[in-house]
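Heads up, the sequence shown is in this note's numbering, so the first residue is 186 and it goes up one at a time.
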Amino acid sequence: MSSFIVQWTHALVPLLLVPVVIGLFVCVALACVDIGVLLGERGLLRRHERPADVGAIERRAHRRIERADILTRTSPMLGLMATLISLGPGLTALSNGNLNLLAEAMLTAFDATVLGLAAGVVGFIVGRLRRRWYDEALLRWERQQ
């Protein structure tokens with residue numbers, strides 16, 4: 186029974202590579218969009234007059250900070266998954282003496298790692314800036330009451 190499960194695992198895990206890489210590209214795209222949203226938010230948060238509905242701004246801040254936090258955590262995980270998935274066939278190719286397939290697998294592994302880390306870094310920076318900017322603006326508006 187256990188060898189059957191292992192065989193199925195070996196057959197199914199490589200099928201995850203394409204969806205995981207697609208997920209990585211989605212994370213990179215979201216990171217780029219989030220940079221633009223962040224720059225737009227900066228102008229909104231710099232205004233000195235207190236908005237009518239501060240509660241709505243707090244809820245928006247929570248959602249956007251949470252989105253950046255999710256991006257920060259999931260992007261490196263997806264990069265690691267794609268790295269490990271592509272290294273399996275690469276190690277098999279090494280044992281068979283197929284250096285071309287090994288090189289291709291290693292290149293895919295490194296590319297996936299870089300994409301995951303890049304999106305994670307952007308998410309981290311966006312989240313930290315966003316948190317600080319919203320905290321400063323909300324504190325300033327709270328003092329105006």
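Just so it is clear, CB atoms sit at the ideal spot from N, CA and C, and this is done for glycine as well.
- Taken through DSSP and simplified to helix, strand or coil, D254 comes out as helix.
- C-alpha of V239 to C-alpha of R245: approximately 10 angstroms in a straight line.
- Nearest neighbour of S271 by Cα position, chosen from T257, T298 and N281, turns out to be T298.
- Using a Cβ distance threshold of 9 angstroms, A278 and L202 do not count as a contacting pair.
- Distance from the Cα of L300 is smallest, within the candidate group L314, N283, I250 and L215, for L215.
- Secondary structure note for N285: its alpha helix (DSSP H) is the uninterrupted segment L284 to R328.
- At a Cβ-Cβ threshold of 9 angstroms, R313 and H233 do not count as neighbours.
- With respect to the C-alpha of G308, the residue from T194, M262 and A253 having the closest C-alpha is A253.
- According to the DSSP assignment, A196 belongs to the alpha helix (DSSP H) that extends over S187 to L197.
- Our two residues, F295 and L223, have alpha carbons roughly 29 angstroms apart in a direct line.
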